[in-house]
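Colleague:
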Amino acid sequence: MAHYLVIVESPAKVKTIKKFLGSNYTVMASNGHVRDLPKSQLGIDVGHDYEPKYITIRGKGDILASLRKEVKKADKVYLATDPDREGEAISWHLCKALKLEDKKTYRISFNEITKNAVKASIKNAREIDMDLVDAQQARRALDRVVGYKISPLLWAKVKRGLSAGRVQSVALRIIADREEEINAFIPEEYWTLDAVLKVKGERKPLTAKFYGTEKQKMTIRSESELNQIVKELEGADYQVADIKKGERYKKAPVPFTTSTMQQEASKVLNFATQKTMRIAQQLYEGIDIKGNGTVGLITYLRTDSTRVSDEAEASVREYISGNYGSEFVASGAAGKENGKNIQDAHEAIRPTDVTRTPAAMKESLSRDQFRLYQLIWKRFVASRMKPAKYETTSVRIAAGDYRFQVAASKIVFEGFRTVYTEADEEKEETNVLLKGLDKDSVLNWEKFDTKQHFTQPPAHYTEASLVKTLEELGIGRPSTYAPTISTIIARRYVAKENRNLYLTEIGEVVNNIMKQSFPAIVDVNFTANMEGLLDKVAEGKVAWKTVIENFYPDLEEAVKIAEKEQESVKIEDEVTDVICEECGRNMVIKYGPHGRFLACPGFPECRNTKPYLEKIGVKCPKCGKDIVLRKTKKGRKYYGCEDNPDCDFMSWQKPSEQKCSKCGGYMVEKGSKLVCMNEKCGYVEAKKAKDN
782 MAHYLVIVES PAKVKTIKKF LGSNYTVMAS NGHVRDLPKS QLGIDVGHDY
832 EPKYITIRGK GDILASLRKE VKKADKVYLA TDPDREGEAI SWHLCKALKL
882 EDKKTYRISF NEITKNAVKA SIKNAREIDM DLVDAQQARR ALDRVVGYKI
932 SPLLWAKVKR GLSAGRVQSV ALRIIADREE EINAFIPEEY WTLDAVLKVK
982 GERKPLTAKF YGTEKQKMTI RSESELNQIV KELEGADYQV ADIKKGERYK
1032 KAPVPFTTST MQQEASKVLN FATQKTMRIA QQLYEGIDIK GNGTVGLITY
1082 LRTDSTRVSD EAEASVREYI SGNYGSEFVA SGAAGKENGK NIQDAHEAIR
1132 PTDVTRTPAA MKESLSRDQF RLYQLIWKRF VASRMKPAKY ETTSVRIAAG
1182 DYRFQVAASK IVFEGFRTVY TEADEEKEET NVLLKGLDKD SVLNWEKFDT
1232 KQHFTQPPAH YTEASLVKTL EELGIGRPST YAPTISTIIA RRYVAKENRN
1282 LYLTEIGEVV NNIMKQSFPA IVDVNFTANM EGLLDKVAEG KVAWKTVIEN
1332 FYPDLEEAVK IAEKEQESVK IEDEVTDVIC EECGRNMVIK YGPHGRFLAC
1382 PGFPECRNTK PYLEKIGVKC PKCGKDIVLR KTKKGRKYYG CEDNPDCDFM
1432 SWQKPSEQKC SKCGGYMVEK GSKLVCMNEK CGYVEAKKAK DN
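Counting in our numbering, the sequence shown runs from 782 upward without gaps.
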């Protein structure tokens, strides 16, 4: 009887796949990669056509020995690694490590771990796609030369243990640029004016928002402008000038891609991108379901496609029709593919069987698995449902030369919203008073509600919004978003507080060095173009070594110049006038994971350390003592009083010694401007140049 060996990546898949195949199949796991570039050296032979040097990964010897034993017994070997470029490369490395050249060896891939998909993949076994392997080799080689050439420079200039990565450096720059934008943002004042009106015959008052004149919308920029408008409205008659009724449709969302799943899981479930991917991997590889054994619940989790198989399409439509009614079934598929290269013609992330509802699976899943599965299931079902339909009413109210507006919408057909609403969906405005309102309605003015506002700076990036930006800019691919973000947080270049990502002091130093010495590497367009080139390698249009050949000489030249010209950041052993209370020496400035701190130079005999509080030459507006530069536990910079905790003054922006000439309040520096921090004042003036 013929004997076949199937090699998968993860041990979790072994059990799931084994039950789909006959007794003449043995299923074993490689536990991910078995070969890689050596850690101790560059591993790319620059002088010999950029040939990579692959070695067996430490600890994989026993796994390879077990696999070799089974290979000898097998008549055919099926390589069933993940269905993406990295999976293709792992299959190729297994071929080399197990010396499968003379063996009947086939590559199989499946988008979901189900009986039908696994059996179909064996029927459609193919050869390894070397274009996909080469695209992965090119990515690995690019990342290696960037990391190994630039990281030592950072060690010499800043501190050991830092790293520079091709994609992580761009992500860091994006966060740093946003931080600069926020710090330089000057708030602009504006006012809102609401008219509270009594409608004859109604008990509740109606609130109408100021619009402008009949011909144009107006923004009220100051209190004096507001007072002028209010004065002109004195004694005005309020009449319904126009009523528009209409319909609005909200389309169903498309099924999840890696990026949209990470974004939504972050917003709805507060999952970090890495956690989302870890749990999705468990759902994909297989969960022990009572009465069914181990079952793969979702399709492959690394994809930028929204395509759905015909079988899944028919199944979900039948499910919707049976459970919600045929009037809820969409006439066509939700959304369309965008024009960019869709990785390896994957499907969207969806349940492998739509009849496995979250409620039915709940007992077999952990809390986090259930919550993510429910999100994926609901999104997929919603994607094949009809749009939600709203009735809209917009009323324009005339008052002299000015116009006020009231808008309301009412849902008349829930459509996909029966199943799913997106995390950032705005609450629908409703106003029951608009029902009976017509042109003859009598309106009486009761009062004005006026409020002062200031425009807000752009929001700090969250993991979700950073993933969205990376995807929009074409930086990285589905498999790279989570590790990129995890790396910059783990390296403490970025601190994560209350979901927001903030640049740390060490992140600022690294970003400045990268911008100054390696502008191409941290250039968004350059990195996006490089992704495009890797796609061309995967399509067989560009040779992978050509990509490295064109990139490496410029990088090497930039490193040489940086080594000569880049000034070292003085962060170690800078002597201060702070005396160590334990041994009397002058303490020095050292650099740790969170940035600078004071340490006794007598280490290891004296181990005294304390926070480094750098005075900025400005007095505290609350108590008059010195303001110092401080850092949060995660390394984010802020300004606080040296007398903390007795004085609680703090500011994220650098306070100025100059007082506001309008209200006397304290001001902060924002780029070339000084801004008053009194919310009701908001005075802005140019920063004075310092005398030499």
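A virtual CB, placed ideally from N, CA and C, is assigned to each residue, including glycine. Since this is a predicted model, take the numbers as computed values, not measurements.
Just to confirm, are K1191 and E1172 a CB contact at a threshold of 8 Å?
Modeller: yes
Colleague: Candidates E1344, C1387 and E1337: which alpha carbon is nearest G828's?
Modeller: E1337
Colleague: Going by the CB atoms, is the gap between L802 and L848 shorter than 8 Å?
Modeller: no
Colleague: List the residues that DSSP assigns as beta-bridge partners of C1387.
Modeller: For C1387, which the question treats as bridged, DSSP gives no partner whatsoever.
Colleague: Write down the C-beta distance between A906 and I889 rounded to the nearest angstrom, noting that I regard them as a contact closer than 8 Å.
Modeller: 5 Å
Colleague: Would you please state the rounded distance, in angstroms, between the beta carbons of V1110 and R1160? I believe it to be under 8 Å.
Modeller: Contact check for V1110 and R1160: beta-carbon distance about 16 Å, past the 8 Å limit, so the pair fails to qualify.
Colleague: Residues bridged to S791 by DSSP?
Modeller: DSSP output for S791 lists no bridge partner at all.
Colleague: Whose CA, out of E969, R1272 and E1252, lies closest to the CA of T1308?
Modeller: Taking only the C-alpha atoms, the option nearest T1308 is E1252.
Colleague: Report buried or exposed for D865, applying the criterion of at least 16 other Cβ atoms within 10 angstroms of its Cβ.
Modeller: buried
Colleague: Say whether the segment 1080-1091 touches the segment 1029-1038, bearing in mind that this needs 3 or more beta-carbon pairs closer than 8 Å, one atom from each stretch.
Modeller: yes
Colleague: Would the segment 1420-1427 and the segment 1391-1409 be scored as touching if the rule is three or more Cβ pairs under 8 Å?
Modeller: yes
Colleague: For A810 and Y859, I'd like the C-alpha separation in whole angstroms.
Modeller: 12 Å
Colleague: Could you tell me the boundaries of the alpha helix (DSSP H) in which A810 lies?
Modeller: Not the alpha helix (DSSP H): A810 falls in the beta strand (DSSP E), residues Y806 to A810.
Colleague: What did DSSP end up calling W873 once you bin it into helix, strand or coil?
Modeller: helix
Colleague: Going by CA-CA distance only, name the one from G1217, E882, T895 and A1163 that's closest to G1113.
Modeller: A1163
Colleague: Which residue spans inside the segment 965-1016 form an unbroken alpha helix (DSSP H) run of at least 4?
Modeller: 1004-1013
Colleague: Use the C-beta contact count for H1234: other C-beta atoms within 10 angstroms, 16 or more gives buried, fewer gives exposed.
Modeller: Exposed, since its Cβ has fewer than 16 Cβ neighbours within 10 Å.
Colleague: A1263 and Q1044: beta carbons closer than 8 Å?
Modeller: no
Colleague: Could you tell me if G842 is buried or exposed, where buried requires 16 or more neighbouring beta carbons within 10 angstroms of its beta carbon?
Modeller: Result: exposed.
Colleague: Taking C-alpha atoms, which residue in G1106, S1432 and R1366 lies nearest to G1421?
Modeller: S1432
Colleague: Using CA atoms only, rank isn't needed, just tell me which of D910, T1054 and K800 is closest to W873.
Modeller: D910
Colleague: Is the segment 952-969 close to the segment 1362-1371, with three or more CB pairs under 8 Å?
Modeller: no
Colleague: At which residues does the beta strand (DSSP E) containing D912 begin and terminate?
Modeller: Here D912 belongs to no beta strand (DSSP E); instead the alpha helix (DSSP H) covers M911 to K938.
Colleague: Where does P819 sit, in a helix, a strand or coil, going by DSSP?
Modeller: coil
Colleague: Quick check on the burial criterion: 16 or more other C-beta atoms within 10 angstroms. Buried or exposed for G1077?
Modeller: buried
Colleague: Give the C-beta separation of C876 and T886 to the nearest angstrom, bearing in mind that I take them to be a contact with Cβ-Cβ under 8 Å.
Modeller: 6 Å
Colleague: Quick check on this structure: which residue in E1423, V1097 and K1418 has the alpha carbon closest to the alpha carbon of I1408?
Modeller: E1423
Colleague: Closest to S1298 by C-alpha separation, out of P1132, I931 and L1455, would be which residue?
Modeller: I931
Colleague: In whole angstroms, give me the CA-to-CA distance for D912 and W1325.
Modeller: 9 Å
Colleague: Who are the near neighbours of E1434 in its chain, counting only those whose CB is closer than 7 Å to its CB and skipping five residues on each side?
Modeller: For the record, residue 1434 in the displayed sequence is Gln; it is not Glu. Contacts found: N964, V1449, E1450 and K1451.
Colleague: Between the alpha carbons of Q822 and V789, how many angstroms are there, rounded?
Modeller: 29 Å
Colleague: How about the segment 1054-1065 and the segment 1140-1157: do they share at least three Cβ pairs that are nearer than 8 Å?
Modeller: yes
Colleague: Figure out for me which residue from V1049, K794 and S804 has the closest Cα to the Cα of Y785.
Modeller: S804
Colleague: Is the separation between the beta-carbon of T1000 and that of Y1030 shorter than 8 Å?
Modeller: no
Colleague: Considering only their Cβ atoms, is the gap separating N1389 from C1361 smaller than 8 Å?
Modeller: yes
Colleague: Can you list, in chain order, the stretches of the beta strand (DSSP E) that have 3 or more residues and sit fully within the segment 1168-1240?
Modeller: 1169-1180, 1183-1194 and 1224-1235
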